[in-house]
Structure formats: structure tokens, C-alpha cells
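Please read the structure below before turning to the comments.
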Amino acid sequence: MTLTWQKVDAIPGWFGAHSYALWRSLLDFQAENVRGDLFEIGVWRGRSASVLASYRRPDETLYLCDIQVDAPALSTAFEGVGAKGRNIVTIAAPSSELPGRLDMRAMHQTVRWMHIDGEHTGSAVYSELELAHQIVRSDGLVVIDDFFSPRYPANTTEAVRYLEKNPFHFRLLAVAFNRGYFCRPESVPRYMDFIAGGLSRALHAYDCPSTIFKTT
Numbered sequence: 003m004t005l006t007w008q009k010v011d012a013i014p015g016w017f018g019a020h021s022y023a024l025w026r027s028l029l030d031f032q033a034e035n036v037r038g039d040l041f042e043i044g045v046w047r048g049r050s051a052s053v054l055a056s057y058r059r060p061d062e063t064l065y066l067c068d069i070q071v072d073a074p075a076l077s078t079a080f081e082g083v084g085a086k087g088r089n090i091v092t093i094a095a096p097s098s099e100l101p102g103r104l105d106m107r108a109m110h111q112t113v114r115w116m117h118i119d120g121e122h123t124g125s126a127v128y129s130e131l132e133l134a135h136q137i138v139r140s141d142g143l144v145v146i147d148d149f150f151s152p153r154y155p156a157n158t159t160e161a162v163r164y165l166e167k168n169p170f171h172f173r174l175l176a177v178a179f180n181r182g183y184f185c186r187p188e189s190v191p192r193y194m195d196f197i198a199g200g201l202s203r204a205l206h207a208y209d210c211p212s213t214i215f216k217t218t
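First residue of the sequence shown? That's 3 in this note's numbering, and the numbers climb one at a time after it.
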């Protein structure tokens with residue numbers, strides 16, 4: 003894999019070096035025995051999507067949804083990190099239209115990584131989590147952008163409301179670098195073991211020394 007932070011940093015966007023290190027650490031961990039498609043809502047020029055494209059295996063699909071899809075910019079972004087453009091599905095629509103655009107039966111629990119960085123409204127975040135519940139695998143991860151951000155409080159309040167109403171769908175696994183990370187309840191022990199035992203070392207390997215705090 004030819005992916006480096008310098009190559010990702012050359013792509014316009016707001017995906018930072020710390021999130022890059024954390025994503026790579028978690029995606030490396032998934033690579034051991036988690037297979038499935040990847041999904042991103044809110045793509046713009048493909049900065050964070052370039053990381054997902056780099057980790058997409060030949061038998062996996064990367065789904066990219068945005069109201070407007072800049073195909074030339076995405077092609078440039080993926081070429082810049084050495085990621086091939088096959089098995090990439092782009093959907094130019096608001097996320098509210100995704101259930102009608104996708105084959106929900108075929109995609110049932112097939113996604114191992116879902117990044118939500120779309121409309122940033124309460125109704126959108128809630129419905130995007132409903133979509134995630136249908137398509138994310140039992141060992142997959144959901145990442146919500148601008149979690150705990152004072153600029154977009156609904157990203158946090160609606161996610162928490164969803165968890166309270168649907169306690170068996172997802173659990174909040176971690177909050178880091180402006181994003182919330184969620185997994186299925188049955189996968190919490192596995193991911194927590196990695197966070198406690200291997201994440202600091204993994205982050206350090208990507209030039210991101212960090213401190214991890216555990217709360218109840």
C-alpha cells in the first residue's frame with residue numbers, strides 16, 4: 003500500500019492527521035478478520051474517502067454519497083494515493099434518498115466501515131443511523147463526524163437519542179479527534195481489547211502519540 007499522510011494531506015478537506023492515524027489503526031485491525039464493504043456519506047473532494055479506497059479489497063465495494071459528486075476530483079484523489087477506482091459506487095443524492103437508491107436486501111449487514119459526514123442536521127443523523135443499522139455488519143464500525151462539536155450539536159444529541167431508543171443496535175465505543183466511533187454491542191469487547199492493548203502502539207506507528215482515557 004502506497005498510502006501516506008502526505009498524499010492524503012494534498013487532497014482538499016478537513017480530515018486531519020490524527021484521524022488519519024486512528025482510521026489506519028482501526029482499519030489495520032479490521033484487516034485481520036473483518037471483511038465487508040465501505041460507505042461514506044459526505045465526500046467532497048475525497049480526502050477521507052481516499053483512505054477507505056486504499057483499504058478496499060478487490061472483492062469489496064466502496065460506496066460514496068454526496069449531494070453533488072465531483073468525479074474528476076475523486077479520481078485525482080484516489081490516483082494520488084495509489085488506490086484503484088474499481089468497485090466504487092457514487093450516489094449523487096441526499097442521504098435521505100439512499101434507502102430508495104440501494105438494494106437494501108442485498109446490502110443487509112454487508113458494510114464494515116460507515117463514515118457519516120453529511121447534512122449535520124438532527125433528522126439526517128438519526129435516519130443515517132437507521133440506515134447504518136440495516137447495512138453495517140455485526141463486527142463493523144460507524145463513524146460520525148463533528149461529534150461533540152459545538153457547531154453541530156445535533157450530531158451528538160441525535161446520536162445519543164438513537165442509542166437510548168435502540169440500545170441493542172449500537173454502542174458508543176470511543177470519541178476521538180472530533181469524531182464518534184460506534185460498534186455493535188456484541189463487538190464492544192473485541193474492539194475494547196484492541197483499544198486497551200494495541201491502539202497506542204498502532205497510533206505511535208503512524209506518528210500520533212496519544213493518551214487514551216476510559217470512562218464508564
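Beta carbons are placed, not taken as given, at the ideal position from N, Cα and C, and that holds for glycine. Keep in mind that this is a model prediction, so the values were computed, not measured.
Quick one: grab the DSSP three-state call for residue i.
{"i": "residue 184", "result": "strand"}
{"i": "residue 30", "result": "helix"}
{"i": "residue 41", "result": "strand"}
{"i": "residue 109", "result": "coil"}
{"i": "residue 144", "result": "strand"}
{"i": "residue 59", "result": "coil"}
{"i": "residue 53", "result": "helix"}
{"i": "residue 23", "result": "helix"}
{"i": "residue 126", "result": "helix"}
Leaving out the 5 sequence neighbours to the left and right, which residues in its chain are closer than 7 Å to residue i when beta-carbon positions are compared?
{"i": "residue 28", "result": "143"}
{"i": "residue 189", "result": "140, 141"}
{"i": "residue 80", "result": "48, 52, 55, 87"}
{"i": "residue 174", "result": "165, 182, 184"}
{"i": "residue 176", "result": "183, 197"}
{"i": "residue 120", "result": "43, 44, 97, 126, 130"}
Where does residue i land, buried or exposed, given buried means 16+ other C-beta within 10 angstroms?
{"i": "residue 48", "result": "buried"}
{"i": "residue 106", "result": "exposed"}
{"i": "residue 61", "result": "exposed"}
{"i": "residue 73", "result": "exposed"}
{"i": "residue 145", "result": "buried"}
{"i": "residue 16", "result": "exposed"}
{"i": "residue 195", "result": "exposed"}
{"i": "residue 214", "result": "exposed"}
{"i": "residue 217", "result": "exposed"}
{"i": "residue 170", "result": "exposed"}
{"i": "residue 178", "result": "buried"}
Under 6 Å Cβ to Cβ from residue i, same chain only, skipping five residues before and after it: list those, please.
{"i": "residue 124", "result": "156, 160"}
{"i": "residue 205", "result": "23, 27, 212"}
{"i": "residue 248", "result": "Nothing can be reported for residue 248: it is not among the residues displayed for the chain, which extend from 3 to 218."}
{"i": "residue 220", "result": "Any question about residue 220 goes unanswered here, given that the chain covers just 3 to 218."}
{"i": "residue 93", "result": "67, 103"}
{"i": "residue 71", "result": "92, 94"}
{"i": "residue 118", "result": "43, 130, 146"}
{"i": "residue 14", "result": "47"}
{"i": "residue 90", "result": "64"}
When DSSP builds the beta bridges, which residues end up paired with residue i?
{"i": "residue 92", "result": "66"}
{"i": "residue 194", "result": "Paired residues: none, contrary to the question."}
{"i": "residue 138", "result": "113"}
{"i": "residue 118", "result": "43, 146"}
{"i": "residue 173", "result": "185"}
{"i": "residue 178", "result": "181"}
Please go through the same chain and pick out, in chain order, the residues whose beta-carbon is closer than 8 Å to the beta-carbon of residue i, but skip the five residues on each side of it.
{"i": "residue 112", "result": "38, 39, 137, 139"}
{"i": "residue 85", "result": "5, 52, 55, 56, 58"}
If the criterion is Cβ atoms closer than 9 Å, does the pair residue i and residue j meet it?
{"i": "residue 33", "j": "residue 57", "result": "yes"}
{"i": "residue 54", "j": "residue 97", "result": "no"}
{"i": "residue 182", "j": "residue 150", "result": "yes"}
{"i": "residue 21", "j": "residue 180", "result": "yes"}
{"i": "residue 186", "j": "residue 172", "result": "yes"}
{"i": "residue 115", "j": "residue 75", "result": "no"}
{"i": "residue 25", "j": "residue 209", "result": "no"}
{"i": "residue 110", "j": "residue 154", "result": "no"}
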